[in-house]
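Heads up, the sequence shown is in this note's numbering, so the first residue is 1 and it goes up one at a time.
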Amino acid sequence: MPFYYQLRQILLADVGLNLKPGDRMPSEGEMCSHYGVSRTVVRQAVDELGREGVIYKVKGKGTFVTSRKLESSHVQNVAGFYASMASKGHTISSRMLRQVIVPASAYVAQKLSLDIGAPVVAIDRVRSVDGEPISVVRACLPQVLVPGLESIDLREVSMYAVISERFGLRPHHGRRTIEAIAISVEDAAYLGVKPGLPALRLESVARTAENVALEHFESVYRGDRSKLDIQLADQQ
């Protein structure tokens, strides 16, 4: 096994046992002396961990342990964020920014196959996992399909579960796009990060089994805490 890979495994175990997010890693010189390897070996091992998102470098200050990224298989799962994270043992909560009935904009109307100005329930939330803000979600649903949803407390529950129980509607399929962006000043403030840092933007339209447009949403995820897990399926 190459020396750099052996050192990577040692450092990875150390991060899991002794070093917490935000802790500074030993310098290259310290690692060379402690493990009896060359700087080339150290740099290869550190670069590997950096690519995997385990550590990050700050110019002039050193290398630090990052927070483990959340494996976000939910981004490709129509069941929703809440169900995916809860199945992994996480605690999910929401801070409501907006939960009102508004007229559909031309863009939202086109996505939901509605007339411009038709009433939609607009639900904007900051989603947190284990108490840490992870994403800002802005959703719109046709008010005719979910009457009264604007008055239901959605802070600690799955919105899809509520829709299924109260209105007999479930997301069945849809289309989702993902792009890399620089986080805006507004969303950075909601998520407690610096404006301009990398983020992931998701846009989706979820439909019922009868192909009725149920929800349009846009989500912005912190780039430092999100990891996509995409399963490819044979289309034959």
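Glycine included, each C-beta is placed from N, C-alpha and C at the ideal position.
message = Going by DSSP, what residue range makes up the beta strand (DSSP E) through G62?
response = Segment G62 to V65, the beta strand (DSSP E) holding G62.
message = Taking the straight line between their C-alpha atoms, what separation do you get for V65 and R127?
response = One alpha carbon belongs to V65, the other to R127, and they sit about 24 Å apart.
task = Counting only the same chain and skipping the five closest in sequence on each side, list residues whose C-beta sits under 8 Å from that of A180.
result = For A180, where only same-chain residues beyond five positions count, the Cβ hits under 8 Å are P198, A199, L200, R201 and G223.
request  = With DSSP as the reference, please indicate the residues paired to L200 in a beta bridge.
outcome  = DSSP output for L200 lists A180 and Y221 as bridge partner(s).
message = Between the alpha carbons of H74 and R175, how many angstroms are there, rounded?
response = Its pLDDT being 39, under 50, H74 is placed unreliably in this model, and the value from its coordinates should be taken loosely. Cα-Cα distance, rounded: 14 Å.
key: Neighbourhood of L19 by C-beta distance below 6 Å, restricted to the same chain and skipping five residues each side   = Within the same chain, Cβ atoms closer than 6 Å to the Cβ of L19 are found at V65, the five residues on either side in sequence being excluded.
key: Among P2, V54, V205 and Y221, nearest to Y107 - alpha-carbon criterion   = With distances taken between Cα atoms, Y107 lies closest to V205.
ask   = Going by DSSP, what residues sit across from D124 in a beta bridge?
value = Answer is R98 and R138.
task = Please report how far the alpha carbon of K57 lies from the alpha carbon of L12, in whole angstroms.
result = One C-alpha to the other measures close to 16 Å.
query = Which residues does DSSP pair with G174 in a beta bridge?
reply = Residue pairing from DSSP places G174 in a beta bridge opposite A206.
query = Counting along the chain, where does the alpha helix (DSSP H) carrying I163 start and finish?
reply = M159 to F167 is the span of the alpha helix (DSSP H), which, as asked, contains I163.
ask   = Closest to G22 by CA distance: which of V137, S113 and V54 is it?
value = Taking the Cα of G22 as reference, the smallest distance to any Cα among V137, S113 and V54 is reached at V54.
task = Give the secondary structure of A189 by DSSP, where H, G and I count as helix, E and B as strand, and everything else as coil.
result = Residue state for A189 is assigned as helix, using DSSP reduced to three classes.
Cα-Cα separation, R39 to E150 = Cα to Cα, R39 sits roughly 59 Å from E150.
ask   = Is the CB-CB distance between Q186 and E203 below 7 Å?
value = Here residue 186 is Glu; the residue named in the question, Gln, does not match the sequence. The Cβ atoms of E186 and E203 lie no closer than 7 Å to each other.
Limits of the beta strand (DSSP E) - the one that V144 falls within = Looking at the DSSP string, V144 is not in any beta strand (DSSP E), and its letter there is neither H nor E.
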